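I have placed the structure first, in the form of structure tokens, so that the comments after it can refer back to it.
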Amino acid sequence: MRRIGKWAVGFGVLGLCFAAASWRGGTAEWFLFFIVCCVIVSGALIQGFALKRVRFERVFDRESYRSGDDVVVTLNVAFGLSWIPVLWLAVTDRWSSGDDARERFGGQFRTVLFPWFQSQITMSYRIHGIDRGLYQFGKLELETGDVFGFVTKKRTVETGGQMIVYPSLLPLVRQQSGGTQTDQVRFASVKPNAEPQGYGALIRDYVPGDPWKQIHWKNSAKLQRWQTRLPETETAETVCVVLDASEDGGLERRRFETAVSCAATLLHQLSAAGAQYSFVCHHRGQYTLRNVRGELAPETLNCLAEVEADGRGHVAGLLERECELNRRGANIAIVTSHMDETTCIAVQSMLRKGLQPELFWIAGERKEQADRDDWLRHHEWAGKLLELGVKVRVVTEAYASMQARGGMSDVSA
122 MRRIGKWAVG
132 FGVLGLCFAA
142 ASWRGGTAEW
152 FLFFIVCCVI
162 VSGALIQGFA
172 LKRVRFERVF
182 DRESYRSGDD
192 VVVTLNVAFG
202 LSWIPVLWLA
212 VTDRWSSGDD
222 ARERFGGQFR
232 TVLFPWFQSQ
242 ITMSYRIHGI
252 DRGLYQFGKL
262 ELETGDVFGF
272 VTKKRTVETG
282 GQMIVYPSLL
292 PLVRQQSGGT
302 QTDQVRFASV
312 KPNAEPQGYG
322 ALIRDYVPGD
332 PWKQIHWKNS
342 AKLQRWQTRL
352 PETETAETVC
362 VVLDASEDGG
372 LERRRFETAV
382 SCAATLLHQL
392 SAAGAQYSFV
402 CHHRGQYTLR
412 NVRGELAPET
422 LNCLAEVEAD
432 GRGHVAGLLE
442 RECELNRRGA
452 NIAIVTSHMD
462 ETTCIAVQSM
472 LRKGLQPELF
482 WIAGERKEQA
492 DRDDWLRHHE
502 WAGKLLELGV
512 KVRVVTEAYA
522 SMQARGGMSD
532 VSA
């Protein structure tokens, strides 16, 4: 209806100009009539022939991206029939990540070009600091018209393109004590309070729930307090990485992104070392990858790119399941921001079954390296895990320097 109304107004103005030129017969009236005729004729040509056969290609500057990278997108558009001058052309390209109800990151690029008799144009734009996720590109919109903008024509092109942005990798350094500091992450580990007592065994103070058969009677009599012998370490064929994605909505997003990056880093290290590994996390119910070697499977990479904190249950539920599925001596790397009584109980259950849990705690507090070890030992629940002989490693604020900056810019040559 709007288009019909425009044409009705155009022909009405043309009739008025013709009547004025016929009645007055002046040069100015006939010149105005000629201009209106040119506008209507050009509008008719645009509506009938412009943007008829559009061919489109989208090219990325790299094959894969990680969170925080800049993405350069090149658009090649060909629309044919160069004998009709295209005075101006507005191009709009849109992208989004996530579903319609929970869009995480998205945007659009819009530019205006003046191709005239060119039948093919190329433009490029840069997305600054893109976030992790699976991105879908929407329809490419093209719009042109006459010099006054009275007559316009729009054309949309189905693109169907997508782009996967994987989590950033953290410079984790696996060491027994102390810590390291880098520009991107502060990583520390603290020695457990259990000590080797010969034959490769670990002995620590008794905690309620330890089996009586593991009581070390000699040390208990010597120290006048109950001592527990931890199960002897067996050769672990598999390292299971458990990512806790059951965080509540109040969790800061950068902490969850740090957790995902930490899990991705561990998996990449295991893959590069040729170790056998498993991966478990909450993703669309639950995602499980069991006993694989070599490069990470596409399904795992997609899971790491798309996983969101869904608030379903507690990480303890995953840990209880892993107690049943993993063999004695298996290493369980737990990446979580939960440090509470429920987590401690689940980890203690793992110890009783001969598993070797190791916690990567995504903590919110910022501490200087000199104070961190003491702070960790005096934390209510982390201190108890250390007493149980569990390695606790702290990762804090890793996402702050690699978070998405957003925005875009035209980088066409």
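Here this note's numbering is used: position 215 in the sequence shown is 336, and no number is missing along the way. Quick reminder that beta carbons are idealized off the backbone N, C-alpha and C, glycines included. All values derive from a computational prediction rather than experimental measurement.
query, result
"Pair within 8 Å by beta-carbon distance, residue 478 and residue 456", "no"
"Assumed close pair residue 255, residue 218 - CB separation to whole angstroms, cut-off 8 Å", "6 Å"
"Where residue 460 sits in the DSSP three-state scheme", "coil"
"Spatial distance of residue 214 from residue 426 (CA atoms)", "22 Å"
"Nonlocal neighbours in the same chain, by C-beta distance under 8 Å from residue 482, ignoring five residues either side", "457, 458, 460, 503, 513, 514, 515, 516"
"Sub-8 Å separation of residue 382 and residue 291 beta-carbons", "yes"
"Proximity winner among 175, 138, 392, 334, relative to residue 121 (alpha-carbon distances)", "The first residue shown for the chain is 122 and the last is 534, placing residue 121 beyond what the model contains."
"Buried versus exposed call for residue 324 [16 or more other C-beta atoms within 10 Å across all chains shown]", "buried"
"Integer-rounded CB distance, given that residue 262 should sit under 8 Å from residue 275", "7 Å"
"Segments of 3+ residues assigned as beta strand (DSSP E) that fall wholly inside the segment 393 to 441", "397 to 402, 408 to 413"
"For residue 512, three-class secondary structure by DSSP", "strand"
"Check whether residue 198 and residue 175 have beta carbons under 8 Å apart", "yes"
"Euclidean distance between Cα positions of residue 280 and residue 216", "11 Å"
"Same chain only: Cβ atoms within 6 Å of residue 335, ignoring 5 sequence neighbours per side", "349, 350"
"Backbone secondary structure at residue 247 - three-state DSSP", "strand"
"Helix, strand or coil at residue 340 according to DSSP, with G and I counted as helix", "helix"
"The segment 126 to 135 touching the segment 157 to 167, judged by at least three CB pairs closer than 8 Å", "yes"
"For residue 180, the first and last residue of its enclosing beta strand (DSSP E)", "176 to 181"
"Residues that residue 258 bridges to, as DSSP identifies them", "216"
"Identity of the residues DSSP links to residue 230 by a beta bridge", "214"
"Where residue 298 sits in the DSSP three-state scheme", "At residue 298 the pLDDT is 33, less than 50, meaning the model places this residue with poor confidence; the figure from the coordinates comes in the next sentence. Here residue 298 sits in coil by DSSP."
"Alpha-carbon spacing of residue 385 relative to residue 329, whole angstroms", "35 Å"
"Top-ranked residue by Cα proximity to residue 210, from 191, 508, 240", "240"
"Three-state secondary structure assigned by DSSP to residue 150", "helix"
"Spatially closest choice to residue 344 from 359, 327, 333, 411, by CA coordinates", "327"
"Alpha carbon of residue 475 to alpha carbon of residue 189, nearest angstrom", "40 Å"
"Proximity below 8 Å, CB of residue 398 to CB of residue 424", "no"
"Proximity below 8 Å, CB of residue 183 to CB of residue 258", "no"
"Exposure of residue 332, with buried meaning 16 or more beta-carbon neighbours within 10 Å", "exposed"
"Residue environment, residue 337, which counts as buried when at least 16 other CB atoms sit within 10 Å", "buried"
"Backbone CA spacing between residue 401 and residue 200 [nearest angstrom]", "49 Å"
"Coil, strand or helix - residue 346 by DSSP", "coil"
"7 Å CB neighbourhood of residue 415 in its chain, flanking five on each side removed", "392"
"C-alpha gap between residue 339 and residue 347, whole angstroms", "10 Å"
"Bridge partners - residue 478, DSSP secondary structure assignment", "453"
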